[in-house]
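Heads up: the structure comes next, in structure tokens.
Numbering (this note's numbering), first residue to last: 2 to 135.
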């Protein structure tokens with residue numbers, strides 16, 4: 002099986018990245034936020050949902066600015082959220098704010114889940130995903 006590309010993962014949700022070099026989120030034509038979130042930011046203690054929390058301040062640059070704008074819009078407008086899980090063995094490099102484009106990673110679009118931005122508190126955000134009723 003071939004590896005999923007980053008832009009291909011977004012395309013699975015009908016989303017196009019503004020800039021493939023730095024975008025990590027997009028609003029698709031269905032008015033859904035499509036986000037890539039690090040697997041290691043998931044709260045393993047929560048069993049009935051997949052909940053991801055992180056800080057906008059952990060990294061910087063145009064991708065972060067776009068991500069913050071898109072997550073804030075999704076929160077304000079209660080937009081549905083689609084998830085691409087990004088996995089890496091190099092979590093310390095990510096957590097230190099290093100350029101994550103330089104770490105080896107895998108992309109897993111989760112079309113079985115639907116999410117919502119639950120909160121934005123200062124520089125922290127929380128997004129919760131549950132199985133989508135079909």
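No residue lacks a Cβ here, since even glycine has one placed at the ideal position from N, Cα and C.
message = Using the three-state DSSP reduction, which class does residue 59 fall into: helix, strand or coil?
response = helix
key: residue 95 (DSSP reduced to helix, strand or coil)   = helix
Cβ shell of residue 18 (< 7 Å), same chain only, five flanking positions each side left out = 8, 11, 24 and 27
key: Same chain only: Cβ atoms within 8 Å of residue 6, ignoring 5 sequence neighbours per side   = 108
ask   = Are the region 43-54 and the region 93-107 touching by the rule of at least three beta carbon pairs closer than 8 Å?
value = no
message = Please list the terminal residues of the continuous alpha helix (DSSP H) segment that includes residue 79.
response = First-last for residue 79: undefined, no H or E at that position.
Buried/exposed call for residue 64, threshold 16 Cβ in 10 Å = buried
query = For residue 46, is the classification buried or exposed, using 16 other Cβ atoms within 10 angstroms of its Cβ as the cut-off for buried?
reply = exposed
ask   = Given that a residue counts as buried once 16 or more other Cβ atoms are within 10 Å of its Cβ, and exposed if not, what is residue 33?
value = buried
query = Under 8 Å between the Cβ atoms of residue 16 and residue 86?
reply = no
message = Measuring only the C-alpha atoms, how far is residue 127 from residue 72?
response = 10 Å
task = Give the single residue among 96, 134, 77 and 81 whose Cα lies nearest to the Cα of residue 36.
result = 81
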